[in-house]
Amino acid sequence: MIDKRVKTVEDAVAGVRDGATVLVAGFGIVGVADHLLEALHDQGAKELTIVANNSGNGDYGLARLINSGRVRKVICSYPRSGDYSAFLNAYKAKSLELELVPQGTISERMRCAAAGLGGFFSPVSAHTKLADGKETREIDGRLHVFEKPLRGDVALLKANKADRWGNLTYLKSARNFNPVMAMAAELSIVEVDEIVELGSLDPEAVATPGVFVDRVVAVGANA
Amino acid sequence: MTSPAYTRLSRDQMAWRAAQDLPDGCFVNLGIGIPTLAASYVPGDREVIFHSENGVIGLGPKPKPGEEDPNITDAGKNLSTLITGGCYVHHADAFLMIRGRHLDVSLLGAFEVSETGDLANWTTEDPAFPPGVGGAMDLAVGAREIRVLMAHTHKSGSPRILKRCSLPLTAPGVVKRIYTDLAVIDVTPKGLVVLEMIPGMTLELLQTMTEPKLHLADSWQALAPPQAKAA
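Protein chains in written order, with our numbering: chain A, 1498 to 1720; chain B, 30 to 260.
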C-alpha cells in the first residue's frame, strides 16, 4: 500500500541533513510552506542552501531560519520583497551568500533537473552582469547563456488537498513554484490544508501527481 | 526662477497614455510600479489579457472590500483578482510564456534607457541593498515588444534617456517606445523620434532634458490625457 501521509510536521522534516539544498516554494507570502519551515527550524539542520523566489518575511518561516544563522546561501531572483529585514541583516553582515538568478531561469533550471537534462541555453541575461563567467553560444544569430540544472535535496511545498498517494491540488496563484519544485527534489515534503480519501480528487484537477511527492502532512484547521 | 509653462503628467496619466496603445486581443505583462496602473485605463471596448509572472493568466483589478482572496496576487504581491475566462499556470509555464515570445507587449519601469533601446531597470548598484532582478531580464528579452514608462528625468533634473546607460543593463536594444511624464518617444534605427509632447513643451526644451539627439515626428501631436481617474 502506498501511504505518504505523516502525522506531524516534525515527522515530515525528519532527516534533513546539514548542508542540504532546500527548495522553498512560494511567491511573496502566497503558496509558502510556513509550517514546514518552522518545523525545519526546530529540527536543527544548518548550513542550508535555500532556493526560493524571495527571501522570507518578518521573523517566521524562511526569515526565522535566516535569523537563526542556519542559511549559508540563498539562490533567488528578488530578495527585496515585503519585510525582508532578516535577509538584509545577514546580507549586510556577509553571513550568507546571495546567488541572484533571473526569475524564469530559476524555475527552468529546476524543470531541467526534473526532466533529466544537463542544462539549457537561454537568451535571458545575455550581455549582462548576471552572465559573467557563464558559457555563451550564439544560436540563430542571438547570444544565449548556458544554465545548469538545479536540483534540491529537499522541497518544502504548500498545496490545498492531497490524498495518501501524494496527488496534489492547489488554490489559485498559490500553485506558483510548487509543481516544478515537487519534481526537482530528491525528497518532496508537502503541507496541505486537508488530506482526502484516495479517489476523491478530480483526476483532471491534480496538478502534481503523487509520483513526485514523498511525504504529506495536514496543517489546516481540520487536521 | 519662473515656474515652467507646462505641467508634468501624473503617474496615472502616463499609465492612461500607455494603455491607449494596447490593441484589442493582446496578451500583456505589466511590470511593477507605474505600469501596473495601466490595467485600469484600457478602453472598455477592448479585451486585453494581463499575464502575471506568478502564474495568473487574466489578472483583474484590485478586489472589492470583503472580496479579497489571499491566494491571488499580482507580481508586486498586491491582492488582485482573476477575470472571467482567466486561469492559473505553474511558474515554469508562466515564464515559458514570457521567454517563448507568447506575450505581445510588456510595459516596464526603468531607471535609464539608451538611444538604441538598451534597458537598465534591475539594479542601482546601491551597496546598502541587495540587488533584485525578478522577472525583468526574462521580460526584456522575451516579450515581442518592450515599452517603458518612466519619469523623463531624475528628481535632480538630469536625464534618464541617455546615449549609453550608466547602470548595468537588463538587456541591450530592446525598448521600442518610451512613455514619460513629458512625451511619447519611439526608439527607431534613425534615433529617437518624438511622437507626442505635453502642452507647453517644445522640442528645444525637451532636448535640454534628454541626452541623445531628438527628432520631432512630422505628424507629432499634443499629449493630453484626461485628468479624471479611472472608474
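Idealized CB from N, CA, C, for every residue including glycine.
Nearest-angstrom Cα separation, counted from residue j out to residue i
i, j, result
"B/GLY114", "B/PRO218", "39 Å"
"B/ALA104", "A/ALA1704", "22 Å"
"A/SER1622", "B/ALA157", "23 Å"
"B/SER135", "A/GLU1635", "25 Å"
"B/ARG37", "A/PHE1674", "41 Å"
"B/PRO72", "A/ASP1650", "49 Å"
"B/MET126", "A/GLN1600", "13 Å"
"B/VAL216", "B/ARG206", "6 Å"
"B/ASP122", "B/VAL162", "19 Å"
"A/GLU1507", "B/GLY129", "41 Å"
"B/ASN100", "B/LEU221", "42 Å"
"A/PRO1646", "B/PRO33", "55 Å"
"A/ILE1499", "A/ARG1606", "30 Å"
"B/THR237", "B/GLY186", "10 Å"
"B/ALA259", "B/ALA44", "Only weak support exists for where B/ALA259 lies, its pLDDT of 47 falling under 50; the coordinates are left without a value."
"A/LEU1698", "B/SER109", "27 Å"
"B/GLY60", "A/LYS1504", "42 Å"
"A/GLN1540", "A/ASN1664", "26 Å"
"B/ALA257", "A/GLY1512", "Model confidence at B/ALA257 stands at a pLDDT of 48, short of 50, so the residue's coordinates are unreliable; what they give is reported in the following sentence. Cα-Cα distance, rounded: 60 Å."
"A/ILE1526", "A/GLY1717", "17 Å"
"B/ALA292", "B/GLU233", "This structure does not reach residue 292 of chain B, given that chain B is present from 30 up to 260, and the question cannot be answered."
"B/GLU225", "B/HIS244", "11 Å"
"A/VAL1598", "A/ARG1661", "35 Å"
"B/LEU252", "B/ASP74", "22 Å"
"A/ASN1586", "A/GLY1696", "47 Å"
"A/LYS1669", "B/SER81", "12 Å"
"A/ASP1556", "A/TYR1588", "15 Å"
"A/LYS1626", "A/HIS1641", "14 Å"
"A/ALA1517", "B/THR209", "47 Å"
Beta-carbon proximity of residue i to residue j, cut-off 8 Å
i, j, result
"B/GLY84", "B/TYR117", "yes"
"B/ARG46", "B/VAL213", "yes"
"B/GLY138", "B/LEU178", "yes"
"A/ASP1737", "A/GLU1544", "Chain A is shown from 1498 up to 1720; residue 1737 of chain A falls before or after that span and cannot be answered."
"A/LEU1533", "A/VAL1510", "yes"
"A/SER1574", "A/ILE1603", "yes"
"B/THR231", "B/LEU196", "no"
"B/LEU148", "B/ILE175", "yes"
"B/ASP50", "B/GLU76", "no"
"A/VAL1519", "A/LEU1653", "yes"
"B/GLU144", "B/PRO255", "no"
"B/ASP133", "B/PHE56", "yes"
"A/SER1552", "A/PHE1524", "no"
"A/VAL1449", "A/ALA1659", "As shown, chain A starts at 1498 and ends at 1720. That puts residue 1449 of chain A outside it, with no answer to give."
"B/GLY95", "B/ILE112", "no"
"A/ASP1580", "A/GLY1558", "no"
"A/SER1592", "A/GLY1566", "yes"
"A/PHE1643", "A/GLU1632", "yes"
"B/ALA165", "B/VAL203", "no"
"A/VAL1689", "A/ASN1657", "yes"
"A/LEU1537", "A/LEU1562", "yes"
"B/ARG173", "B/ALA180", "no"
"A/ALA1702", "A/THR1666", "yes"
"A/VAL1710", "A/ALA1679", "yes"
Paired residues, beta bridge with residue i - DSSP
i, result
"B/ILE207", "B/VAL177 and B/ILE214"
"A/CYS1463", "Residue 1463 of chain A cannot be examined here, being either before or after the span of chain A that is shown, 1498 to 1720."
"A/GLY1649", "A/ALA1682"
"A/PHE1643", "A/PHE1618"
"B/ALA200", "B/LEU148"
"B/MET226", "B/ALA212 and B/ALA251"
"B/ILE78", "B/PHE56"
"A/LEU1520", "A/VAL1548 and A/ALA1652"
"A/THR1666", "A/LYS1658"
"A/ILE1692", "A/ALA1659"
Note down, one range per segment and in chain order, each beta strand (DSSP E) of at least 3 residues found wholly within the segment 1600-1640 of chain A.
1617-1619 and 1633-1636
Which runs of the beta strand (DSSP E) fall wholly inside the segment 99-163 of chain B and span at least 3 residues, in chain order?
111-117, 134-137 and 141-143
Which residues, taken in chain order from the segment 1607-1633 of chain A, show a beta carbon closer than 8 Å to some beta carbon of chain B?
MET1607, ARG1608, SER1619, PRO1620, VAL1621, SER1622, ALA1623, HIS1624, THR1625, LYS1626 and LEU1627
So if I threshold CB-CB distances at 8 Å, which residues from the segment 1687-1706 of chain A count as touching chain B?
ALA1704
In chain order, which continuous runs of the beta strand (DSSP E) of length 3 or greater are located wholly inside the segment 39-68 of chain B?
Taking only runs of at least 3 residues, the beta strand (DSSP E) segments lying wholly in the segment 39-68 of chain B are 56-59.
Quick check on the DSSP output: what are the complete alpha helix (DSSP H) runs of length 4 or more inside the segment 1532-1592 of chain A, in order along the chain?
Listed in chain order, they are 1559-1564 and 1582-1589.
What residues in the segment 52-72 of chain B have a beta carbon less than 7 Å from any beta carbon of chain A?
none
Members of the segment 146-168 of chain B near chain A, C-beta cut-off 7 Å
PHE158, PRO159, PRO160, GLY161, VAL162, GLY163, GLY164, MET166 and ASP167
Can you give me, in chain order, the residues of the segment 193-221 of chain B that have a beta carbon less than 8 Å from any beta carbon in chain A?
Residues passing the 8 Å Cβ filter: PRO197, LEU198, THR199, ALA200 and PRO201.
Along the segment 82-114 of chain B, what residues have a CB closer than 8 Å to any CB found in chain A?
GLU82, ASN83, GLY84, VAL85, ASP98, PRO99, ASN100, ILE101, THR102, LYS106 and LEU111
Just by C-beta distance, which residues in the segment 114-128 of chain B are closer than 7 Å to chain A?
TYR117, HIS119, HIS120, ALA121, PHE124, ILE127 and ARG128
Members of the segment 1532-1557 of chain A near chain B, C-beta cut-off 9 Å
Listed in chain order, the positions of the segment 1532-1557 of chain A with a beta carbon within less than 9 Å of a beta carbon of chain B are ASN1550, ASN1551 and SER1552.
Which residues of the segment 1579-1596 of chain A have a Cβ closer than 9 Å to any Cβ of chain B? Give them in chain order.
GLY1579, TYR1581, PHE1584, LEU1585, TYR1588, LYS1589 and LEU1595
Residues of the segment 1659-1671 of chain A with Cβ closer than 9 Å to any Cβ of chain B, in chain order
TYR1667, LEU1668, LYS1669, SER1670 and ALA1671
Below 8 Å between beta carbons is the criterion; list the residues of the segment 1504-1536 of chain A that meet it against any residue of chain B, in chain order.
Legend: CB atoms of the segment 1504-1536 of chain A lying less than 8 Å from CB atoms of chain B belong to residues PHE1524, GLY1525, ILE1526, VAL1527 and GLY1528.
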